[in-house]
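Just so you know, the sequences run in chain order A and B. Counting from 238, one number per residue, gives the positions in the first sequence under the numbering used here. Counting from 238, one number per residue, gives the positions in the second sequence under the numbering used here. C-beta atoms are modelled at their ideal positions from N, C-alpha and C, and glycine is treated no differently. All of these numbers come straight from a predicted model, not from anything done at the bench.
There are 2 protein chains.
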Amino acid sequence: MARPRPLPPYDLFYWPSIQGRGEFPRLLLEEAQAPYVDVARQPGGMPRMLKLLKEARRGPRPFAPPFLGSGNVLIVQAANILLYLAPRHGLIGREERARIAAHQLQLTVTDLVAEVHDVHHPIAGSLYYEDQKPEAKRKAASFVKERIPKFLEYFEAVLTDNGGKRMVGRSFSYVDLSMFQVVAGLDYAFPRAMKRLARKTKGLRALHDAVASRKRIAAYLTSPRRLPFNEDGIFRAYPELDG
Amino acid sequence: MARPRPLPPYDLFYWPSIQGRGEFPRLLLEEAQAPYVDVARQPGGMPRMLKLLKEARRGPRPFAPPFLGSGNVLIVQAANILLYLAPRHGLIGREERARIAAHQLQLTVTDLVAEVHDVHHPIAGSLYYEDQKPEAKRKAASFVKERIPKFLEYFEAVLTDNGGKRMVGRSFSYVDLSMFQVVAGLDYAFPRAMKRLARKTKGLRALHDAVASRKRIAAYLTSPRRLPFNEDGIFRAYPELDG
């Protein structure tokens, strides 16, 4: 009879040079102190990741990174990875109701992240930003004026509805981590817009600061594992797009 | 002691004049023959829906429709609703692995649907299509040439990987319903592009046809409950955007 083997660490697969959508699972793994390998950042990792895009051995083949290998399952899509990991690591309650509520908010983060990306790529992801600058500028104007306020005032209202300290439930959850990342990313990409919104997003700011100062997150943020924001990622500092 | 009350029917909340994102839960409810009320299409339903956008009594307030009332829980975001409903109605297995795999594919459908919307609204959702036609035309060119093939060839590969009949697992699931809707919507909005892709998407076409001829779905599609596609929805027939 085979002896039970210890569970291997998680394999996180994501593009090695940007935070992007991989940062949401990464923050959870760091807060949970879960052992994981950031595969594409290891020697030989990129080909391993690209190969998995054509394989269906551990679930349907992925459309795109991020995905997470956990034993014999591959979990694909950032929000799906969080849904899977969070109850295993105490970053959401195990009751269905809590998981559904958290996932609702994470899917709204997903929507926002897609919109942020499209601000600098309104015409096509396959074109350079430089090839769609006039359109990006026009899109950014409405994004800064309408969409950032709509999303952040919504998240602020959710936080306030829930008592002002946590996005969902009474305990710290992965949604709080995701909200930190949203605020950090928007700070980087749209500092002027964020400054104008400061008065209406005091709760989110306090949450951002509280997450940043959590012991494990603070250690992570100053480690080489945290990639800096940059202009290949989703949140990009293009001053001409910042209102 | 209170007597147990029978579960009320589900309340589905979505904009009353378009299929949009509400169509994915609607197809599941129809296939499951689950009793539901399409609330915003009833007299007085719209104000009821709009009021819920400001309430946090049954979970975090929604960012936008669709959402589903089920007893004392409100489930928000189309993919989240499907995640909740499908195992209850035999439209996905109850094992975590099956639910994760199906959700992966549904989240990829969600991504595609967002891109389809943005083809006719590349600059801002708050502007009319008529106010962003040149940008839409430019975006449509890359969408038709790159994105539709990328998504559909991906879904075709997933279907093929899985034996060619079902998107996930061995039994019919809600992902098959969603794939029907994707093909139907793209047929409506991009008939020329879809014709060009016919040879590479034979499995998806067969799946689409098989879903359309399922007894309950066929009855639904010819009922007044199925709204026609139209140019207020996500899939819009603008010939100038069809390559």
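Subject >> DSSP state of TYR411 of chain A mapped onto helix, strand, coil >> reply: Here TYR411 of chain A sits in helix by DSSP.
Original post:
Looking at the C-beta of GLN270 of chain B, does it have a partner C-beta in chain A at a distance below 8 Å?
Top reply: No, GLN270 of chain B lies away from the interface with chain A (no Cβ there is under 8 Å from its Cβ).
**OP:** Determine the direct distance from the alpha carbon of LYS376 of chain A to that of ALA323 of chain B, and round the result to whole angstroms.
**Re:** Straight-line Cα distance between these residues: approximately 37 Å.
Original post:
Going by DSSP, which residues form a beta bridge with LEU305 of chain B?
Top reply: Residue pairing by DSSP places LEU305 of chain B opposite B:LEU249 and B:ILE312 in a beta bridge.
Original post:
What's the call for THR459 of chain A, buried or exposed, on a 16-neighbour Cβ count within 10 Å?
Top reply: By the neighbour-count definition (other C-beta atoms within 10 Å, threshold 16), THR459 of chain A is an exposed residue.
**OP:** Let me know the secondary structure DSSP gives VAL356 of chain B once reduced to three states.
**Re:** VAL356 of chain B falls in the helix class under three-state DSSP.
**OP:** Report, in whole angstroms, the separation of the C-beta atoms of PRO246 of chain A and MET283 of chain A, which I expect to be a contact under 8 Å.
**Re:** About 19 Å separates the beta carbon of PRO246 of chain A from that of MET283 of chain A, a gap too long to meet the 8 Å contact definition.
Original post:
Does DSSP put ASP479 of chain B in a helix, in a strand, or in coil?
Top reply: Residue state, collapsed to three classes: coil.
Subject >> C-beta neighbour in chain A for ILE385 of chain B, strict 8 Å >> reply: ILE385 of chain B does not count as touching chain A.
Original post:
Is the region 348-360 of chain B touching the region 247-267 of chain A in the sense that three or more CB pairs, one from each, lie closer than 8 Å?
Top reply: No, they do not touch.
Subject >> chain B contact for TYR475 of chain A (CB, 8 Å cutoff) >> reply: By this cut-off, TYR475 of chain A is not an interface position.
Original post:
If you measure beta-carbon to beta-carbon, which residues of the region 404-428 of chain B are closer than 7 Å to chain A?
Top reply: Under the 7 Å Cβ criterion, the region 404-428 of chain B contributes VAL405.
Original post:
To which residues of the same chain is MET238 of chain A closer than 6 Å at the C-beta, ignoring the five residues directly before and after it?
Top reply: For MET238 of chain A, the predicted structure reports a pLDDT of 49, less than 50, and the residue's modelled location is therefore unreliable. A value from the coordinates is still provided. The answer is none, since no qualifying residue turns up.
Original post:
Under the three-state reduction of DSSP, which class applies to ASP368 of chain A: helix, strand or coil?
Top reply: Looking at ASP368 of chain A - three-state DSSP - the assignment turns out to be helix.
**OP:** Check whether the Cβ of ARG442 of chain A sits closer than 7 Å to any heavy atom of the ligand ATP, and report yes or no.
**Re:** Of the ligands one can find in the structure shown there are none, so the ligand ATP has no counterpart to examine.
Original post:
Within this structure, are the beta carbons of LEU389 of chain A and LEU434 of chain A separated by less than 8 Å?
Top reply: For LEU389 of chain A and LEU434 of chain A, yes; Cβs fall inside 8 Å.
Original post:
Below 8 Å between beta carbons: does that hold for GLY330 of chain B and GLY400 of chain B?
Top reply: Cβ atoms of GLY330 of chain B and GLY400 of chain B: not closer than 8 Å.
Subject >> Three-state secondary structure assigned by DSSP to VAL274 of chain B >> reply: Taken through DSSP and simplified to helix, strand or coil, VAL274 of chain B comes out as strand.
Original post:
What separation, rounded to the nearest whole angstrom, lies between the Cα atoms of ALA456 of chain A and GLY306 of chain B?
Top reply: Going from the Cα of ALA456 of chain A to the Cα of GLY306 of chain B covers about 42 Å.
Original post:
Along chain B, in chain order, which residues have C-beta atoms closer than 7 Å to that of PHE300 of chain A?
Top reply: By Cβ distance, chain B contributes THR345 and TYR391.
Subject >> Buried or exposed (CB count within 10 angstroms, at least 16 for buried), ASN467 of chain B >> reply: By the C-beta density criterion, ASN467 of chain B is exposed, having fewer than 16 other C-beta atoms within 10 angstroms.
**OP:** Pull up the distance between the alpha-carbon of ARG295 of chain B and that of GLU267 of chain B, whole angstroms please.
**Re:** Cα-Cα distance, rounded: 24 Å.
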